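In the working numbering, the protein residues as written are 6 to 308.
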């Protein structure tokens, strides 16, 4: 069983185990009762069937007992639902942005990360949205699963009670690289979290590419994903569609800037035009990305 990393987990598991236990018991009881009645009241034993129209005791039993069981299921289910949906006071808010095909987490001080860092013992409120299609924010270890919907903000919360790494998945099919839309929750001590939070994020090109989700669609080893591989791309000719016509262009710094600003204007031929714009990328970050692509461009060109 997945480690109980959040205090709401016990409530969810309790509801699941109760409903599963009742269902299993009812399955066994009904199966045995059916077998008993088939044998006990077979035509061979009773060639002339008895004639009766009701049994008050049986009617009371099969009405009252299922009602009590359903009410108990509702009680446990409501407890787990309230534990997951009731936002605790004093929770730190983290904005969660889903996009094809990566996650981005923004903290109160503006720091961004492709992974969700949380301090152990402190509740974290998640404000979740999407830039393109519907995604599903799913963390099995925390029993958290909620849709990320364009144009609206959904909410969830979690609290890690022990340090560790916990997988994040997208639970709603969202396109070609849905299966690669992965991240993780990193639960660390409060002291380590504070050090990480105030630490300046890495500004080298590779770190920026990871943080912005570029590597979810562009490989660095020559393999083809949703977009062209970064390996051997910079400094070489590539074919783009300019108003539907194929045009050969040089992949240089200006090309990178244009693609980041408006990728749909001249998409690369042979690849779906699904790349979002990155208007928030600063000139300094663009320059770092260019240097990163230059380094990869020096490797053998594969297109």
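Glycine included, each C-beta is placed from N, C-alpha and C at the ideal position.
Please read all numbers here as calculations on a predicted model, not as lab measurements.
Query raised in the report: For residue 141, which of helix, strand or coil comes out of DSSP?
Result: In the chain shown, counting from the first residue as 1, residue 141 sits at position 136. Strand, per DSSP.
Query - residue 1 versus residue 40 - alpha carbon distance - result: As shown, the chain starts at 6 and ends at 308. That puts residue 1 outside it, with no answer to give.
Report task. List the DSSP bridge partners of residue 170. Result -> Start at 1 with the first residue of the chain shown, and residue 170 comes out as number 165. BP columns for residue 170 point to 191.
Query raised in the report: Mapping DSSP to helix, strand and coil, what is residue 151?
Result: As a position in the chain shown, residue 151 is number 146, starting the count at 1. Three-state DSSP puts residue 151 in a strand.
Report task. Ignore the nearest five residues each way along the sequence and tell me which others in residue 258's own chain have a CB closer than 6 Å to its CB. Result -> Along the chain shown, read from residue 1 onward, the residue named residue 258 stands at position 253. 295, listed in sequence order.
Query raised in the report: Three-state secondary structure (DSSP) at residue 134?
Result: The count along the chain shown starts at 1 and reaches residue 134 at position 129. Residue 134: strand per DSSP, three-state reduction.
Report task. Would you mind sorting residue 95 into buried or exposed? The rule is 16 or more other CB atoms within 10 Å of its CB. Result -> On the chain shown, position 90 is the one that residue 95 refers to. Answer is exposed; the Cβ neighbour count stays below 16.
Query raised in the report: Based on the DSSP secondary-structure assignment, which residues constitute the bridge partners of residue 117?
Result: The residue labelled residue 117 in the question sits at position 112 within the chain shown. DSSP output for residue 117 lists 111 as bridge partner(s).
Query raised in the report: Could you give the distance in angstroms between the alpha-carbon of residue 118 and the alpha-carbon of residue 214?
Result: Position 113 of the chain shown holds residue 118. Position 209 of the chain shown holds residue 214. The straight-line gap from Cα to Cα measures roughly 11 Å.
Requested in this report: Within its chain, find whatever has a CB closer than 6 Å to the CB of residue 5; leave out the 5 residues flanking it on each side and keep chain order.
Outcome: Absent from the structure is residue 5, since the part of the chain shown begins at 6 and ends at 308.
Query raised in the report: Taking the alpha-carbon positions, what's the residue 210 to residue 188 distance?
Result: Along the chain shown, one-based indexing puts residue 210 at 205. Along the chain shown, one-based indexing puts residue 188 at 183. Their backbone Cα atoms lie some 20 Å apart in a straight line.
Query raised in the report: What three-state label does DSSP hand residue 175 in the structure shown?
Result: One-based indexing of the chain shown puts residue 175 at position 170. DSSP places residue 175 in strand when its eight states are reduced to three.
Query raised in the report: Can you list, in chain order, the residues of its chain whose CB lies under 6 Å from that of residue 133, leaving out five sequence neighbours each side?
Result: Your numbering for residue 133 matches position 128 in the chain shown. For residue 133, where only same-chain residues beyond five positions count, the Cβ hits under 6 Å are 101, 142, 153 and 159.
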